[in-house]
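A.B. asks:
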Amino acid sequence: MYLVGIDIAKYNHQCFIATTHGEVINEFSFDNNSDGFKLLLKHLSALDQSLEIKIGLEATGHYGNTLKQSLSANGYTFVEFNPYLAKQFFKSTTIRKTKTDKVDARLLSSMLASVDYKTLHTKYYHINELKSLTRTRNSLIETRSNSLVQITNCLDIIFPEFKAHFSNRLGLTALYILKKYKTPERISRLTKTQFETISNKSMGKFTYPKFLKLKELAKNTIGIKNSSVVTVC
Numbered sequence: 003m004y005l006v007g008i009d010i011a012k013y014n015h016q017c018f019i020a021t022t023h024g025e026v027i028n029e030f031s032f033d034n035n036s037d038g039f040k041l042l043l044k045h046l047s048a049l050d051q052s053l054e055i056k057i058g059l060e061a062t063g064h065y066g067n068t069l070k071q072s073l074s075a076n077g078y079t080f081v082e083f084n085p086y087l088a089k090q091f092f093k094s095t096t097i098r099k100t101k102t103d104k105v106d107a108r109l110l111s112s113m114l115a116s117v118d119y120k121t122l123h124t125k126y127y128h129i130n131e132l133k134s135l136t137r138t139r140n141s142l143i144e145t146r147s148n149s150l151v152q153i154t155n156c157l158d159i160i161f162p163e164f165k166a167h168f169s170n171r172l173g174l175t176a177l178y179i180l181k182k183y184k185t186p187e188r189i190s191r192l193t194k195t196q197f198e199t200i201s202n203k204s205m206g207k208f209t210y211p212k213f214l215k216l217k218e219l220a221k222n223t224i225g226i227k228n229s230s231v232v233t234v235c
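So for the sequence shown, the numbering used here puts the first residue at 3; every next one is plus one.
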């Protein structure tokens, strides 16, 4: 069995490879980029593939995310050690005299053989990807909500009757009209040809009577007609 300890840093990582019998196989550093990952994979592929390869990393923030993704994509499993537990293990050893990446990589390799751990398979890494996508989705939803609030505030000033005219207050049809025509004055002068375009956009849900009513509302709106206000909104 091979025990591979990798000490993660911002710009480059240190790797130490040994066997469970204590034989040192390799010790090297590699950059935190595509070329560096290729170098690591080259050393890993040179090992006897009939033997199990265990890889240990210390969970130290986001600097190792791309490395973990690369390992998973190439079929390797790995374990992330809790920084506190790793620190306690390091303290208990006699070889840790000073803080060096080489020593840390060696100790992480030793730690693989001396503690129980749960291997993080590729599917576990996908959980992190899903978490990231969920955070992005939540951020986009928040941005959308804030944008809709801003649109509503502007409509309350320049065309307060607009939202109530639509069953889906700020749905695709309503947003299309606002984006395309922008002001009550322009909406009040819409033509039948323009109605047909809007109707097609709405899959026929925006009817002609509704179109005529919107024009009437736009013509008689109580909203502020100051052009500077419309420009700001």
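For each residue, glycine too, the CB sits at the ideal point set by N, CA and C.
Taking the alpha carbon of Q51 as the reference point, which residue from S72, F91, Y4 has its own alpha carbon closest?
C.D. replies: The sequence position of residue 51 within the sequence shown is 49, counting from 1. Checked all of S72, F91, Y4; the closest Cα to Q51 is Y4.
A.B. asks: Please classify N130: does DSSP put it in a helix, a strand, or coil?
C.D. replies: Counting from one through the sequence shown, the residue named residue 130 turns up at place 128. Here N130 sits in helix by DSSP.
A.B. asks: For the segment 71-86 against the segment 21-35, do three or more pairs of beta-carbon atoms, one drawn from each stretch, fall closer than 8 angstroms, so that the two count as touching?
C.D. replies: Cβ pair count under 8 angstroms is below three, so no.
A.B. asks: Determine the closest residue to E131 out of Y86, N67, A166, with distance taken between C-alpha atoms.
C.D. replies: Working through the sequence shown from its first residue, we reach residue 131 at position 129. Nearest option by C-alpha distance: N67.
A.B. asks: Which stretch, first to last residue, makes up the beta strand (DSSP E) that contains L73?
C.D. replies: Taking the first residue of the sequence shown as 1, we reach residue 73 at position 71. Counting along the chain, L73 falls outside any beta strand (DSSP E), though it belongs to the alpha helix (DSSP H) covering 67-75.
A.B. asks: Run the CB neighbour count on Q90, radius 10 Å, all protein chains shown included, and call it buried at 16 or more, exposed below.
C.D. replies: Counting from 1 along the sequence shown, the entry for residue 90 is found at position 88. Q90 is exposed by the Cβ-count criterion.
A.B. asks: Is S141 buried or exposed, if buried means 16 or more other CB atoms sit within 10 Å of its CB?
C.D. replies: Residue mapping note: residue 141 aligns to position 139 of the sequence shown, counting from 1. By the neighbour-count rule (16 or more Cβ atoms within 10 Å), S141 is not buried but exposed.
A.B. asks: Can you give the beta carbon distance from L114 to G58, rounded, assuming they're within the 8 angstroms contact cut?
C.D. replies: Along the sequence shown, read from residue 1 onward, the residue named residue 114 stands at position 112. Along the sequence shown, read from residue 1 onward, the residue named residue 58 stands at position 56. Confirmed, Cβ separation roughly 4 angstroms.
A.B. asks: Can you tell me the Cα-Cα spacing of K44 and A61, whole angstroms?
C.D. replies: Against the sequence shown, residue 44 aligns to sequence position 42. Against the sequence shown, residue 61 aligns to sequence position 59. Near 24 angstroms, if we compare the C-alpha coordinates of A61 and K44.
A.B. asks: I'd like the list of long-range same chain contacts for P186, defined as Cβ closer than 7 angstroms, with 5 residues on each side in sequence excluded.
C.D. replies: Numbered from its first residue, the sequence shown carries residue 186 at position 184. Counting only Cβ-Cβ distances below 7 angstroms, and skipping sequence neighbours, we find I160, F161, A220, T223, G225.
A.B. asks: Hey, would you say L157 sits closer than 8 angstroms to F164, going by beta carbons?
C.D. replies: On the sequence shown, residue 157 is found 155 positions in, with the first residue counted as 1. On the sequence shown, residue 164 is found 162 positions in, with the first residue counted as 1. Yes, these two residues count as a Cβ contact at 8 angstroms.
A.B. asks: Residues in the same chain with beta-carbon distance under 7 angstroms from L41, minus the five sequence neighbours each way, listed in chain order, please.
C.D. replies: Locating residue 41 in the sequence shown gives position 39, counting from the first residue. Closer than 7 angstroms at Cβ, skipping near neighbours: F32.
A.B. asks: Return helix, strand or coil for Y78, following the three-state DSSP convention.
C.D. replies: On the sequence shown, position 76 is the one that residue 78 refers to. DSSP places Y78 in coil when its eight states are reduced to three.
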